[in-house]
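Chemist: Numbering (the working numbering), first residue to last: 2 to 192. Backbone N, C-alpha and C fix where the C-beta goes; we use that ideal spot for every residue, glycine too. Supplied in structure tokens, the structure appears directly below.
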Amino acid sequence: MARPRQFDEKEAVKKALAVFRTQGYKATSLAELTKAMGLSRSSFYETFGSKHELFLTTLASFDKTAAIYNFVEDDSSVPAKVILAQIFARVIVSAIEGQGGCMFGNCAVEFSKPDPQVMEQVKKGMHQLEGMFLTIIKADQENGNVDEAKDVKAIASQLVATFYGIQTMAKAGLGLDSLKHVISQTLTQLD
Numbered sequence: 002m003a004r005p006r007q008f009d010e011k012e013a014v015k016k017a018l019a020v021f022r023t024q025g026y027k028a029t030s031l032a033e034l035t036k037a038m039g040l041s042r043s044s045f046y047e048t049f050g051s052k053h054e055l056f057l058t059t060l061a062s063f064d065k066t067a068a069i070y071n072f073v074e075d076d077s078s079v080p081a082k083v084i085l086a087q088i089f090a091r092v093i094v095s096a097i098e099g100q101g102g103c104m105f106g107n108c109a110v111e112f113s114k115p116d117p118q119v120m121e122q123v124k125k126g127m128h129q130l131e132g133m134f135l136t137i138i139k140a141d142q143e144n145g146n147v148d149e150a151k152d153v154k155a156i157a158s159q160l161v162a163t164f165y166g167i168q169t170m171a172k173a174g175l176g177l178d179s180l181k182h183v184i185s186q187t188l189t190q191l192d
């Protein structure tokens with residue numbers, strides 16, 4: 002009979018996510034993971050199977066726990082530009098403070114030879130982000146604040162590109178003014 006687990010699996014996954022976000026998949030060793038998660042190697046393998054399986058688990062949990070997806074309020078009276086400016090302000094702060102950026106963007110860059118399972122999670126996360134942006138813009142369009150002639154799907158797609166682009170720019174050391182300028186110009190599409 003197997004012994005019951007002596008740790009919180011969700012908490013262990015959160016800790017692994019933090020390591021993967023800051024170091025990436027390839028640069029993270031099993032020793033670093035087990036230390037951060039507070040697990041023995043045997044508990045790690047018994048619970049997660051492998052580093053790759055744990056990584057997929059962290060990706061699956063990321064799209065449920067990422068603050069960006071939980072940020073949007075149901076109040077459709079708030080203009081899209083205000084909501085989006087707040088979202089992008091959080092992204093800038095996170096990127097400048099070196100919080101690791103978005104897990105999906107990091108994976109898209111790190112996995113030059115795509116891992117089909119990882120890329121499936123990345124696509125899912127990016128589509129989820131695009132859907133969130135589209136919902137925000139459509140609500141504002143229904144309120145008459147965004148011209149009906151605007152291609153809101155294309156704008157949502159560009160917002161996804163901007164979302165990941167500003168994180169990359171911040172990692173490259175471009176200043177706050179440059180990042181704010183990119184966001185400001187991007188949001189003019191909603192005028």
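#1: Round the Cβ separation of residue 126 and residue 112 to the nearest angstrom and send it over; I've been treating them as touching at under 8 angstroms.
#2: Output the residue ranges of the alpha helix (DSSP H) runs that lie fully inside the region 76-141 and measure 4 residues or longer, sorted by chain position.
#3: Within its chain, find whatever has a CB closer than 7 angstroms to the CB of residue 96; leave out the 5 residues flanking it on each side and keep chain order.
#4: Do residue 135 and residue 153 have their CB atoms nearer than 9 angstroms?
#5: What's the gap between the Cα of residue 94 and the Cα of residue 178?
#6: With a cut-off of 9 angstroms, does the C-beta of residue 120 fall near any C-beta of chain C?
#7: Tell me which same chain residues have a C-beta within less than 6 angstroms of the C-beta of residue 191, skipping the five on either side of it?
#8: Using the Cα positions of residue 164 and residue 91, report the straight-line distance between them to the nearest angstrom.
#9: How long is the line joining the alpha carbons of residue 142 and residue 41, rounded to whole angstroms?
#10: Out of 32, 37, 8 and 9, which one is the CA nearest neighbour of residue 18?
#11: Suppose the cutoff is 7 angstroms on Cβ atoms and the five residues either side in sequence are ignored; what does the same chain contact list for residue 139 look like?
#12: What does the alpha-carbon distance come out to for the pair residue 29 and residue 145?
#13: Thinking residue 85 and residue 137 are a contact (beta carbons under 8 angstroms), I'd like their distance in whole angstroms, please.
#14: Please go through the same chain and pick out, in chain order, the residues whose beta-carbon is closer than 6 angstroms to the beta-carbon of residue 132, but skip the five residues on each side of it.
#15: Report all residues from its chain with a CB closer than 6 angstroms to the CB of residue 55; omit the five preceding and five following residues, and keep chain order.
#16: What separation, rounded to the nearest whole angstrom, lies between the Cα atoms of residue 119 and residue 162?
#17: Output needed for residue 160: all residues of its chain with C-beta closer than 6 angstroms, excluding positions within five of it in sequence on either side, in chain order.
#18: In this structure, how does DSSP classify residue 40 when only helix, strand and coil are distinguished?
#19: Taking its Cβ as the centre, do 16 or more other Cβ atoms sit within 10 Å of residue 31, making it buried, or is it exposed?
Modeler: Inspection of the coordinates gives the following:
#1: Here residue 126 refers to the residue found at position 125 of the sequence shown. Here residue 112 refers to the residue found at position 111 of the sequence shown. No, residue 126 and residue 112 are not in contact; Cβ-Cβ is about 13 angstroms, not under 8 angstroms.
#2: Within the region 76-141, the complete alpha helix (DSSP H) runs of at least 4 residues are 81-97 and 104-111.
#3: As a first step, residue 96 is located in the sequence shown; it is residue number 95 there, counting from the start. Here the set comprises 102, 167, 168, 171 and 172.
#4: For the purposes of this step, residue 135 is taken as the residue at position 134 of the sequence shown. For the purposes of this step, residue 153 is taken as the residue at position 152 of the sequence shown. Yes, the Cβ-Cβ distance between residue 135 and residue 153 is below 9 angstroms.
#5: Start at 1 with the first residue of the sequence shown, and residue 94 comes out as number 93. Start at 1 with the first residue of the sequence shown, and residue 178 comes out as number 177. Within the model, the alpha-carbon separation for residue 94 versus residue 178 is close to 12 angstroms.
#6: Any reference to chain C falls outside this structure, which holds one protein chain only.
#7: Taking the first residue of the sequence shown as position 1, residue 191 is located at position 190. The answer, listed in chain order, is 81, 82 and 147.
#8: If you number the sequence shown from 1, residue 164 lands on position 163. If you number the sequence shown from 1, residue 91 lands on position 90. Roughly 11 angstroms between the two C-alpha positions.
#9: Your numbering for residue 142 matches position 141 in the sequence shown. Your numbering for residue 41 matches position 40 in the sequence shown. It is roughly 53 angstroms from the alpha-carbon of residue 142 to the alpha-carbon of residue 41.
#10: Numbered from its first residue, the sequence shown carries residue 18 at position 17. Closest by alpha carbon: 37.
#11: As a working note, residue 139 is residue 138 in the sequence shown. Exclusion of the five residues before and after residue 139 leaves 153 as the residues of its chain whose Cβ lies within less than 7 angstroms of its Cβ.
#12: Position 28 of the sequence shown, counted from the start, is the residue given in the question as residue 29. Position 144 of the sequence shown, counted from the start, is the residue given in the question as residue 145. Their backbone Cα atoms lie some 49 angstroms apart in a straight line.
#13: In the sequence shown, the residue the question calls residue 85 occupies position 84. In the sequence shown, the residue the question calls residue 137 occupies position 136. Sure, about 7 angstroms apart at Cβ, within 8 angstroms.
#14: Locating residue 132 in the sequence shown gives position 131, where the first residue counts as 1. No residues qualify anywhere along the chain.
#15: Looking up residue 55 in the sequence shown gives position 54. If you ignore the 5 residues before and after residue 55, its C-beta comes within less than 6 angstroms of the C-beta of 17 and 49, all in its own chain and listed in chain order.
#16: The residue labelled residue 119 in the question sits at position 118 within the sequence shown. The residue labelled residue 162 in the question sits at position 161 within the sequence shown. Taking the Cα positions, residue 119 is about 19 angstroms away from residue 162.
#17: Indexing the sequence shown from 1 puts residue 160 at position 159. When the five nearest sequence neighbours on each side are left out, the beta carbons in the same chain lying within less than 6 angstroms of the beta carbon of residue 160 are those of 134, in order along the chain.
#18: Position 39 of the sequence shown, counting from 1, holds the residue named residue 40. Residue 40: coil per DSSP, three-state reduction.
#19: The sequence position of residue 31 within the sequence shown is 30, counting from 1. By the Cβ neighbour-count rule, residue 31 is exposed, with fewer than 16 other Cβ atoms within 10 Å of its own.
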